[in-house]
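These notes are about the structure you will find just below.
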Amino acid sequence: MGTVDTAGTAERFRAAVEKRDLAALDELFTDDIRLYSPVKFKPFEGKAAVLGLFGVLLRTFEDLRYLGRLDGGAETTSGGGEAPTVILPFRALVAGKQIHGIDQLQFDEAGRVKEFTVMVRPQSAVQALGQAVLTGLIADGLAPEA
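Just so you know, we're using UniProt numbering here: the sequence shown kicks off at 1 and counts up by one.
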């Protein structure tokens, strides 16, 4: 396996999020991507579900800004394999609450994102994020009304 350009993919991801460009995100994700959310136990699975979630997230986060990039070594994926990893720390507002978080991107051999984990703090921000995302998913027809 040759060197995977994880830094380039991470920078394209960052630019797509900052521009709120779902089409650019689509090109960066594998078809079977999994997104692990801080507000849902089971991951969002598949490109359609993850892009639907990103549509909501890009509307929900206010003043989203990435604070840099941390390049990691190979991390174990949910499938048991190893994948190069990049972590992008961020800050944002959701429903008036300041969120501190990280996006952890794991890549396939072609340099596309195959696993994506979001971690945020504090707990009150996680709760505000969960409610805002659920409301957005229901509004977009991606989740049933409670």
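Beta carbons: idealized from backbone N, C-alpha and C, even for Gly.
The structure displayed is predicted, hence computed values, not measured ones.
Within the stretch 26 to 110, the complete alpha helix (DSSP H) runs of at least 4 residues fall at 47 to 60. For Glu115, the number of other beta carbons within 10 angstroms of its own is at least 16, and it is reported as buried.
In this structure Gly101 touches Val118 by the C-beta definition: roughly 6 Å separates them, less than 8 Å. Around the Cβ of Gln98, a 10 Å sphere holds fewer than 16 other Cβ atoms; the residue is exposed. Ranking Pro38, Ala83 and Leu67 by CA distance to the CA of Ala74 puts Ala83 first. In this model, Gly72 and Gln106 are separated by some 10 Å (Cα to Cα).
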